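Colleague: Under my numbering, the first residue of the sequence shown is numbered 911, with each subsequent residue one higher. No residue lacks a Cβ here, since even glycine has one placed at the ideal position from N, Cα and C. Computed from a predicted model, the values in this text were never measured in an experiment.
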Amino acid sequence: MLDLAVHAQRRNAVMERLGANAVLLVASLPERLRSGDAHYGFRQHSDVLYLTGFAEPQTVVLLRPGAATESFVMFVRPRDPEAETWDGRRAGLEGAQAIYGADAAYPIAELATRLPALIGNKDELHYALGLDDKLDALVTSTLAALRGREKRGQWTPRAVVDPRYSLHEARLRKQPDEIATLQRAAAITADAHVAAMRAGRPGRYEYELEALLSYEFRRHGGAGPGYTSIVGAGVNATILHYIENASPIADGDLVLVDAGGEVAGYTADVTRTWPANGRFSSVQRHAYQLVLDVQKSAIELVRPGATLEQLHNHCVRGLTAAMIELGLLSGSVDDRVADQAFRKFYMHGTSHWLGLDVHDVGPYLQNGKARPLEPGMVITVEPGLYVAADPNVAAAFHGLGIRIEDDILVTADGYLNLTAACPKEIAELEAICGNAA
């Protein structure tokens, strides 16, 4: 958990952005049953985590910057000794105020009765519709009830505004404490990837590496994986979001691992591809080096003012040239980019925002154009090459899946590769994998 003073600074910045005539409402998502009466592990909604650091379920947070009192209100589960005996300690109303700094805290069961007074007489309600049907219904019924009171002097917010402007723009630009947390997540993730490289010899199963990654994330103090780990050996590496992780690793396979550890809610996102038997074949070596060269050259383009569109276009051209060099495509780079033939072997984007969510919040366009990068933004750079079994492609390439991904902080004068410690050069990978335990 971060210093709670940091969360207070964040709330103040968001309230300043909201203005005096707006109110922001964010909430935890409902707990979900896994089977029977057993739930999936709960993870706090990132907006609530960003503003409060409060990790418990059944939480609603309101920011009311123009209010004379109760500008920061929390609805939480009250203390309950019997329930806490079964399910763990709660901060309760007292903790929400004394520890987390709420001006007022109320039982979550009182949300429906107190909400009209808290959002009434405001011009805008900043709230993300579509995430929780029950909360959506409560918000809309509250707005309807407020309309019936307008003749008595209590008016309804004139607009329901998506919180992307007031809140998500703040989340997009990482502050020093966030960067430090991401650096910690990156360090843990690099160690976990190296452990997987050392263990992933032929005969092991993908799920063994998945388990090892999770163990390493936790062993170093992280919360576990920030998203479901991808461990794809051989042809499984050509499936972009392969999470079955059930196949044995064979001699001659490349193993693609896309996994990131989470620390205090912030996740790294790293992909490495390496030879299970410790040596790239000549075809694998050639293809891997081409992808690596494209990735490294794209990272060099990261600076304030550059755009993700520019990075992607650079990778598309570089990878298309690689496909032609490998014999996967023929003709000129310009022609194969124009007719999008490259998409058969490179079908995803090159970058996304990174932070509290692995695909973090923030629009990629501004006024219909690619938005310029700014200091404090964190992105991924992850070109790839994927060749499934195809009768039109030489058999030597069948089942070849390569992706190389790093986490890049935009700085005032360029970039910082947060995951540079995770090996990706051919000589490094062969040295690690060749000495597998």
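Can you tell me where the alpha helix (DSSP H) with N1327 in it begins and where it stops?
Modeller: Unbroken run through N1327 is the beta strand (DSSP E), G1324 to N1327; no alpha helix (DSSP H).
Colleague: Report the residue from Q1064, K1044 and L1021 whose alpha carbon sits nearest the alpha carbon of D1033.
Modeller: Answer by Cα proximity: Q1064.
Colleague: Suppose contacts are defined by Cβ-Cβ distances below 8 Å. Is L1077 in contact with V916 by that definition?
Modeller: No, these two residues do not count as a Cβ contact at 8 Å.
Colleague: By the three-class DSSP mapping on this structure, what secondary structure does S945 have?
Modeller: Strand, per DSSP.
Colleague: In three-state DSSP terms, what is G1002?
Modeller: Looking at G1002 - three-state DSSP - the assignment turns out to be helix.
Colleague: Could you check which residue in Y1325, R1111, A1341 and D1317 has the C-alpha nearest to that of A1331?
Modeller: The candidate whose alpha carbon is nearest that of A1331 is D1317.
Colleague: Using a Cβ-Cβ cut-off of 8 Å (strictly less than) and excluding sequence neighbours within five positions of R1195, which residues of its own chain qualify?
Modeller: Excluding sequence neighbours, R1195 sits near I1336.
Colleague: So is D947 buried or exposed if we call it buried at 16+ other beta carbons inside 10 Å?
Modeller: Burial call: exposed.
Colleague: Entirely within the stretch 1269-1293 and at least 4 residues each: give me those alpha helix (DSSP H) ranges in chain order.
Modeller: Here no run is fully enclosed.
Colleague: Using DSSP with H/G/I as helix, E/B as strand and the rest coil, what is G1311?
Modeller: DSSP places G1311 in strand when its eight states are reduced to three.
Colleague: If the criterion is Cβ atoms closer than 8 Å, does the pair G1011 and L934 meet it?
Modeller: Taking 8 Å as the Cβ cut-off, G1011 and L934 do not qualify as a contacting pair.
Colleague: Let's test the definition: count the other Cβ atoms within 10 Å of the Cβ of S1242 and tell me whether it reaches 16, buried, or not, exposed.
Modeller: Looking at its Cβ environment, which holds fewer than 16 other Cβ atoms inside 10 Å, S1242 is exposed.
Colleague: Would you verify that the beta carbon of S1242 is, or is not, closer than 8 Å to some beta carbon of chain B?
Modeller: Absent from the structure is chain B; it holds one protein chain and no more.
Colleague: Decide if I960 is buried, meaning its Cβ has at least 16 other Cβ atoms within 10 Å, or exposed.
Modeller: With the sequence shown as reference, residue 960 is identified as Tyr, and Ile is not the correct amino acid for it. Per the 10 Å Cβ criterion, buried.
Colleague: Taking 6 Å as the limit between beta carbons, can you name the residues of its chain near G1175, skipping five residues before and five after?
Modeller: Only L959 and L1266 meet the Cβ criterion.
Colleague: Could you tell me which whole alpha helix (DSSP H) segments of length 4 or greater appear in the stretch 1017-1086?
Modeller: Runs found: 1021-1029, 1043-1057 and 1079-1082.
Colleague: Applying the 10 Å Cβ sphere with the 16-neighbour rule, what's the burial state of D1244?
Modeller: Exposed is the call here.
Colleague: Which of helix, strand or coil does DSSP assign to A1251?
Modeller: In the structure shown, A1251 sits in a helix (DSSP, three-state: H, G or I).
Colleague: Since P1185 sits in a beta bridge, which residues does DSSP pair it with?
Modeller: Answer is L1164, bridged to P1185.
Colleague: With a 10 Å radius around its C-beta and 16 neighbouring C-beta atoms as the bar for buried, classify R1062 as buried or exposed.
Modeller: Counting Cβ neighbours within 10 Å, R1062 comes out exposed, since fewer than 16 surround it.
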